[in-house]
Amino acid sequence: MSARPKLSIIIPVYNEIATLDQIIDRVLKVDLSQSGFEIDREVILVDDCSRDGSAAKLRQMQAHPDGRPLKFAFHEVNRGKGAAIRTGLELAEGDLTIIQDADLEYSPEEFPTLIRPILAGQADVVYGSRFTGNRRVFMFWHHVGNKMLTFITNLLYNTNLSDMETCYKVFRTRHFKSFDRQSNRFNIEPEITAKVFRSHLRVHEVPISYAGRSFEEGKKITWRDGFSALWTLLRYRFWVNHVGEETLRRIAKLQRFNKWIYDTILPHLGMRVLEAGCGTGTFTEFLRGRDRVFAVEPEAGYVERLTQKYESDPQVTVEQATLPHLDVERLRAERLDTVVCLNVLEHVKEDAETLRVFHDLLVSGGRAIIYVPAHPFLYCGLDRSLEHHRRYTKAGLTALMREAGFEVLEARHQNVAGAFGWFFNGKVLPRRVLPKKQMGLYESLVPVFRGFERLLGNRPPFGLSLFVVGRKPESREP
Numbered sequence: 115m116s117a118r119p120k121l122s123i124i125i126p127v128y129n130e131i132a133t134l135d136q137i138i139d140r141v142l143k144v145d146l147s148q149s150g151f152e153i154d155r156e157v158i159l160v161d162d163c164s165r166d167g168s169a170a171k172l173r174q175m176q177a178h179p180d181g182r183p184l185k186f187a188f189h190e191v192n193r194g195k196g197a198a199i200r201t202g203l204e205l206a207e208g209d210l211t212i213i214q215d216a217d218l219e220y221s222p223e224e225f226p227t228l229i230r231p232i233l234a235g236q237a238d239v240v241y242g243s244r245f246t247g248n249r250r251v252f253m254f255w256h257h258v259g260n261k262m263l264t265f266i267t268n269l270l271y272n273t274n275l276s277d278m279e280t281c282y283k284v285f286r287t288r289h290f291k292s293f294d295r296q297s298n299r300f301n302i303e304p305e306i307t308a309k310v311f312r313s314h315l316r317v318h319e320v321p322i323s324y325a326g327r328s329f330e331e332g333k334k335i336t337w338r339d340g341f342s343a344l345w346t347l348l349r350y351r352f353w354v355n356h357v358g359e360e361t362l363r364r365i366a367k368l369q370r371f372n373k374w375i376y377d378t379i380l381p382h383l384g385m386r387v388l389e390a391g392c393g394t395g396t397f398t399e400f401l402r403g404r405d406r407v408f409a410v411e412p413e414a415g416y417v418e419r420l421t422q423k424y425e426s427d428p429q430v431t432v433e434q435a436t437l438p439h440l441d442v443e444r445l446r447a448e449r450l451d452t453v454v455c456l457n458v459l460e461h462v463k464e465d466a467e468t469l470r471v472f473h474d475l476l477v478s479g480g481r482a483i484i485y486v487p488a489h490p491f492l493y494c495g496l497d498r499s500l501e502h503h504r505r506y507t508k509a510g511l512t513a514l515m516r517e518a519g520f521e522v523l524e525a526r527h528q529n530v531a532g533a534f535g536w537f538f539n540g541k542v543l544p545r546r547v548l549p550k551k552q553m554g555l556y557e558s559l560v561p562v563f564r565g566f567e568r569l570l571g572n573r574p575p576f577g578l579s580l581f582v583v584g585r586k587p588e589s590r591e592p
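For the sequence shown, this note's numbering assigns the number 115 to the initial residue and increments by one for each residue that follows.
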């Protein structure tokens, strides 16, 4: 976080002309320094196709901002609160983000209390609990519904929240942006909660005041939204694709298999390494002990856990970043001689641009070690579940490496047995995840598979994976 952090305040607006001026005025006037920290702010107003004049009022403000830190976005059709939050988050540039409803149910004067735990380094997410602070007495069945949904949340995600449905949630912006937010309506609240706890982020609750509205006063949420919230909690706990997370956990346990990959890349490793896409840290641990290991990963939860794991090791730095959007100038200053990208490039839409970034940040003579799924004909439901955009041919990947400026030193297939297993599970059955027992059996047979490929000179004609090493020519040093 920068020396002078910034708070992004996203305000979804739908038919709130009666309270719009007042809520904006209060958000701008609240004294954020009461948090104990000096912090700037920006206010992002997203109109969700209001029909009461709210949009016209916002456009007038946009034309005459009067020096206020305001940003605006307008939906041409009504898309829902969740969609408005997604739009606002695209504009957010702050270190922290809070959602502020445009009505007067939640008090912006609570901001200092809400942001303090994050600024103090105690939390990644803060929930404002309406049930532990001063509040207006509100509708019985809404109270019962909130309590039931919170109880179910705690049961499903093994936590102890007192108010899951609160609209006052504050996030480190980088964590919030890392979530793939899908909900368009009020079920954005349980979706966010599910993803917060699946990411193992540090969550604090603080008491807030609450002035709940009646339906006559403009309250929009209904019993139908309660059932939608329940379905969302169950869906993200049991049915939504968490295959990638589960697969990473299973692969981390395959010690012989991971050692095979590490032994494959070891002859090309330098002493100052960028690990692009470190996941749960399986290979970060192999790389530990070199002069410098700089590991980047888009998933906030993994970054948090690895940062804590390596906080006492000055040679290892773990940061959140999404390929290909790396700070090239900063990484050049690290004098990195190796980029390691293992089973990551297939997840990146801009793979060619990513390889160019790798080339640009390496020292002259540095190497990029790329390990990816091979053979497009093997692409199946297993790949889709793992969010693979593609599988590679040897000719295709080596061409991309050369276009990025690398000399290709080595390109070969690996893991013949794995290719047969992938075809059977993904094409014949077809499955979305590899069975745990089957992976255990494979692990026990890795020495046999390695021995077989050694008989082939470690150059089998095909395999589940493709291993390519590129070298940055000496003449390309900037």
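Glycine included, each C-beta is placed from N, C-alpha and C at the ideal position. All values reported here derive from a predicted model rather than from experimental measurement.
So who's on the other strand from residue i, going by DSSP bridges?
i    : result
D154 : K120
Q434 : E411
S243 : P321
K185 : I158
C455 : I484
Y128 : Partner(s): none; Y128 has no beta bridge.
I379 : In DSSP, I379 forms no bridge with anything.
R585 : R481 and E521
F285 : T211 and V239
Y506 : A488
Y387 : A small correction: the amino acid at residue 387 is Val; Tyr does not occupy that position in the sequence shown. V407 and T452.
H527 : L580
H439 : T436
Taking 8 Å as the threshold (C-beta atoms), are residue j and residue i in contact?
i    : j    : result
L420 : G391 : no
E204 : E156 : no
H318 : P381 : no
S313 : A198 : no
P226 : S323 : no
F581 : A531 : no
F188 : A169 : yes
G196 : S292 : no
V320 : L228 : yes
H502 : H461 : yes
D209 : Y241 : no
A533 : G577 : yes
R165 : N129 : yes
R386 : R481 : no
L492 : W536 : yes
Y271 : R349 : no
V258 : G202 : no
Within a Cβ cutoff of 6 Å, which residues of the same chain sit near residue i, ignoring the five residues on either side of it in sequence?
i    : result
L523 : V583 and R585
R316 : A237 and D238
I212 : I123 and V284
L184 : V157
E331 : In this prediction, E331 scores a pLDDT of 46, lower than 50, which makes its location untrustworthy; no coordinate-derived value is stated.
I153 : P119, L121 and L146
H596 : Missing from the structure shown is residue 596; the chain here goes from 115 to 592 and no further.
V477 : R449 and D451
T507 : none
Which residues in the same chain as residue i place their Cβ atom closer than 8 Å to its Cβ, once the five residues preceding and following it in sequence are excluded?
i    : result
D441 : A435
F397 : N372, I375, Y376, E389, V454 and L456
L511 : I484, V486, A525, L580 and V582
E464 : L437 and P438
T133 : A216, D217 and L218
T264 : L275, S276, D277, M278 and E279
K541 : L492 and C494
Using CA atoms only, rank isn't needed, just tell me which of the options is closest to residue i.
i    : options                   : result
I158 : L172, F563 and E224       : L172
N260 : S243, R470 and E279       : E279
R406 : L437, D451 and P412       : D451
A525 : P561, R444, K463 and I484 : I484
R244 : E223, C281 and L263       : C281
K423 : K120, V560, E399 and L275 : E399
R193 : D162, Q174 and Q214       : D162
R140 : T267, E223 and Q176       : E223
F341 : L559, D427, M262 and E443 : M262
S221 : A325, V127, E521 and P126 : A325
H289 : L383, G235, L548 and V417 : V417
Q174 : E517, R200 and D135       : D135
For residue i, which residues from the same chain have a beta carbon less than 7 Å from its beta carbon, with the 5 sequence-adjacent residues on both sides left out?
i    : result
L514 : D465, A466 and L469
H266 : The amino acid occupying residue 266 in the given sequence is Ile; His does not appear at that position. These residues qualify, in order along the chain: L344 and L347.
Run the proximity test for residue i: is its beta-carbon closer than 7 Å to any non-hydrogen atom belonging to the ligand GTP?
i    : result
E207 : This structure does not include the ligand GTP; it has no bound ligands of any sort.
Return no unless some Cβ of chain C is closer than 8 Å to the Cβ of residue i.
i    : result
S164 : Given the protein chain composition of this structure (a single chain), no chain C is represented.
Determine contact between the region 488 to 505 and the region 557 to 575, defined as no fewer than three beta-carbon pairs at a distance below 8 Å. Taking 8 Å as the limit for Cβ pairs, the verdict is that the region 557 to 575 does not touch the region 488 to 505.
Count Cβ pairs between the region 301 to 308 and the region 338 to 348 that sit closer than 8 Å; are there 3 or more? Output reads yes: the region 338 to 348 touches the region 301 to 308.
Three or more C-beta pairs closer than 8 Å, one from the region 423 to 432 and one from the region 358 to 375: is that the case here? A contact between stretches requires three or more CB pairs, one per stretch, nearer than 8 Å, and the region 423 to 432 fails this requirement with the region 358 to 375.
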